[in-house]
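Engineer: Residue numbers (this note's numbering): 10 to 434. Quick reminder that beta carbons are idealized off the backbone N, C-alpha and C, glycines included.
1. Quick check on this structure: which residue in 217, 431, 19 and 282 has the alpha carbon closest to the alpha carbon of residue 334?
2. Who pairs with residue 280 in a beta bridge, going by DSSP?
3. In the DSSP output, what is residue 67 paired with across the bridge?
4. Using beta-carbon positions only, say whether residue 84 and residue 420 come within less than 8 angstroms of one another.
5. Does the distance from the CB of residue 332 to the CB of residue 357 come in under 8 angstroms?
6. Assign residue 259 to one of three DSSP states: helix, strand, or coil.
7. Check whether the Cβ atoms of residue 393 and residue 415 lie closer than 8 angstroms to each other.
8. Apart from the five residues on each side of it in sequence, which residues of its chain come closer than 6 angstroms, Cβ to Cβ, to residue 128?
9. Alpha helix (DSSP H) containing residue 355: first to last residue?
10. So the candidates are 383, 237, 151 and 343; which of them puts its Cα closest to the Cα of residue 189?
11. Rank 363, 15 and 31 by C-alpha distance to the C-alpha of residue 155 and give the top, closest one.
12. Grab the span of the alpha helix (DSSP H) containing residue 55 for me, first residue to last.
13. Would you list, in sequence order, the uninterrupted alpha helix (DSSP H) runs of no fewer than 4 residues that lie entirely inside the stretch 359 to 414?
14. According to DSSP, simplified to helix, strand and coil, what is residue 242?
15. Which residues does DSSP list as the beta-bridge partners of residue 194?
16. Hey, out of 116, 104 and 145, whose CA is closest to residue 55's CA?
17. Taking all protein chains shown into account, decide if residue 171 is buried (16 or more other Cβ within 10 angstroms of its Cβ) or exposed.
18. Could you give the residue range of the alpha helix (DSSP H) that holds residue 22?
19. My guess is that residue 364 and residue 330 are in contact by the Cβ rule of under 8 angstroms, so how many angstroms apart are they, rounded?
20. For residue 142, collect the residues of the same chain with a Cβ closer than 6 angstroms to its Cβ; drop the 5 residues on either side in sequence, then sort them by chain order.
21. Can you list, in chain order, the residues of its chain with a C-beta nearer than 7 angstroms to that of residue 185? Leave out the 5 residues immediately preceding and following it.
22. For residue 72, name the three-state secondary structure that DSSP assigns.
23. Could you pull the start and end residues of the alpha helix (DSSP H) that residue 423 belongs to?
24. Would residue 299 and residue 279 be called neighbours here (beta carbons separated by less than 8 angstroms)?
25. Taking C-beta to C-beta, are residue 88 and residue 138 nearer than 8 angstroms?
26. Helix, strand or coil, according to DSSP, for residue 340 in the structure here?
27. Would you kindly work out how many angstroms separate the C-alpha atoms of residue 228 and residue 354, rounded to a whole number?
28. What does the Cβ neighbour count give for residue 214, buried or exposed, with the cut at 16 atoms within 10 Å?
29. Can the beta-carbon of residue 77 be found closer than 8 angstroms to that of residue 147?
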């Protein structure tokens, strides 16, 4: 059966997938860039590998894109600090590759080759890794089969598996059985995930629930954020801060009128809005909404702050630090396509609010279960929730304390993952 799956994948699936990306590159600049870089990178890698100390083990971390790489960072950093190894990081997407070129803990940064057997073999001949760590889910059959042929250890880290995952559908399940059995270890974020992986006929000793490195990463970043000064001391004295993070228009249609009603009730609250996409058009649209209602100021003009009740962030990369200033936070995406990162505000011990589209986040579900977060489905619910949180300090502190406890309870996955990796060094 394994031979049938290999033939089907190599004759049908991967050629069709390659054709899709080949056509897409004519319409997408990033995809086109990925094609060019892949065509050139083998010779570059040969030259760079030639400069490395060959007596060191080569550990390869693969992430689909930048989001998954964030989860790898705590492991890579600690591994570099404790072990004398060479580290390769690869990405499938241009977003991860382009934004990680200056990452200090990697010896090599590359695109994952397209998953043709010949391309994979050439890549492995150059890199010759001792272990390969896949972050979360981005696994490629020919690569995995080639690693098995060469007796190279392979692990999935931060792995998740829903009880009713589409990967468990009859034919699809049989295909994934042939893949997951190839792994040396599957390290899941929870006991439920570990249990669900057993449905793929994987030996139980290969599966271990070790936790989620996102908790470690967000905690590390929060410590760094506390040392940054986005606003001068005392700027918001006497005011409560509401950070509206990763806002989409669908979120704003609910939260903006709720905030207006809040300020009409004479609550001294400042809303800091961090749009998911701070384009000029989006920034101007926010300003136009509040024209004649609330005074606004852009973050880039913060030195001219004069009591404005709405601060609009017109830069990127500072959201985690913004949450440090918050008394209450709303996490966006939850009225559109799916909620963004709820751990970023929770790590500071503040209540977290979000909309109904939050099932994509296990962390959001757990915060709701523990009553550290509040789900709102319309403007009236949003206003009532905000009013209660800002009027009742004890209630606000209670929810924030639960959120902080949840994060602290889940720190430590990095150490447990390293203990598993060490046996292959």
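Structural biologist: Walking through what the data contain:
1. Numbered from 1 along the chain shown, position 325 holds the residue referred to as residue 334. Closest by C-alpha distance to residue 334, out of 217, 431, 19 and 282, is 282.
2. Residue numbering aside, residue 280 sits at position 271 when the chain shown is read from its first letter. Answer is 251 and 319, bridged to residue 280.
3. Here residue 67 is taken as the residue at index 58 of the chain shown, counted from 1. DSSP lists 95 as the bridge partner or partners of residue 67.
4. On the chain shown, position 75 is the one that residue 84 refers to. On the chain shown, position 411 is the one that residue 420 refers to. 8 angstroms or more divides the Cβ of residue 84 from the Cβ of residue 420.
5. Indexing the chain shown from 1 puts residue 332 at position 323. Indexing the chain shown from 1 puts residue 357 at position 348. Going by C-beta atoms, residue 332 is nearer than 8 angstroms to residue 357.
6. Sequence index remark: in the chain shown, residue 259 carries index 250 (1-based). Assignment of residue 259 by DSSP, reduced to helix, strand and coil, places it in the helix class.
7. The count along the chain shown starts at 1 and reaches residue 393 at position 384. The count along the chain shown starts at 1 and reaches residue 415 at position 406. In this structure, residue 415 does not lie closer than 8 angstroms to residue 393 by Cβ.
8. Taking the first residue of the chain shown as position 1, residue 128 is located at position 119. 122, listed in sequence order.
9. Residue 355 sits at position 346 when you count from the first residue of the chain shown. Unbroken alpha helix (DSSP H) run through residue 355: 352 to 355.
10. Position 180 of the chain shown holds residue 189. Ranked by how close their Cα comes to the Cα of residue 189, the residues 383, 237, 151 and 343 have 151 in first place.
11. Locating residue 155 in the chain shown gives position 146, where the first residue counts as 1. That would be 15, whose Cα lies nearest to the Cα of residue 155.
12. The count along the chain shown starts at 1 and reaches residue 55 at position 46. In the DSSP assignment, residue 55 falls within the alpha helix (DSSP H) that extends over 38 to 58.
13. You should have 371 to 378 and 388 to 400.
14. In the chain shown, residue 242 corresponds to position 233, counting from 1. Note: residue 242 maps to coil in three-state DSSP.
15. Start at 1 with the first residue of the chain shown, and residue 194 comes out as number 185. Here residue 194 is bridged, per DSSP, to 164.
16. Position 46 of the chain shown, counted from the start, is the residue given in the question as residue 55. Comparing Cα-Cα distances from residue 55 to each of 116, 104 and 145, the minimum goes to 116.
17. The sequence position of residue 171 within the chain shown is 162, counting from 1. The Cβ neighbour count for residue 171, taken over all protein chains shown within 10 Å, is under 16; the residue is labelled exposed.
18. Here the question's residue 22 lines up with position 13 in the chain shown. Here residue 22 belongs to no alpha helix (DSSP H), and DSSP marks it neither H nor E.
19. On the chain shown, position 355 is the one that residue 364 refers to. On the chain shown, position 321 is the one that residue 330 refers to. At roughly 24 angstroms, the Cβ-Cβ gap does not stay under 8 angstroms, so residue 364 and residue 330 are not in contact.
20. Taking the chain shown and counting its residues from 1, the one referred to as residue 142 is at position 133. Excluding residues up to 5 positions away in sequence, 70, 164 and 166 lie with their Cβ nearer than 6 angstroms to the Cβ of residue 142 in the same chain.
21. Looking up residue 185 in the chain shown gives position 176. Cβ neighbours of residue 185 beyond the five flanking positions: 176 and 209.
22. Here residue 72 refers to the residue found at position 63 of the chain shown. Under the three-state reduction of DSSP output, residue 72 falls in the strand class.
23. To locate residue 423, count along the chain shown from 1; it is residue 414. Going by DSSP, residue 423 is part of the alpha helix (DSSP H) stretching over 422 to 430.
24. The residue you call residue 299 lines up with position 290 of the chain shown. The residue you call residue 279 lines up with position 270 of the chain shown. No; because the gap between Cβ atoms is not below 8 angstroms, this pair is not in contact.
25. Position 79 of the chain shown, counted from the first residue, corresponds to residue 88. Position 129 of the chain shown, counted from the first residue, corresponds to residue 138. It is not a contact, given that the beta carbons lie outside the stated cut-off.
26. In the chain shown, the residue the question calls residue 340 occupies position 331. Per DSSP, reduced to three states, the secondary structure at residue 340 is strand.
27. Position 219 of the chain shown, counted from the start, is the residue given in the question as residue 228. Position 345 of the chain shown, counted from the start, is the residue given in the question as residue 354. Their Cα atoms are separated by approximately 10 angstroms.
28. To locate residue 214, count along the chain shown from 1; it is residue 205. Exposed.
29. Here the question's residue 77 lines up with position 68 in the chain shown. Here the question's residue 147 lines up with position 138 in the chain shown. Going by C-beta atoms, residue 77 is nearer than 8 angstroms to residue 147.
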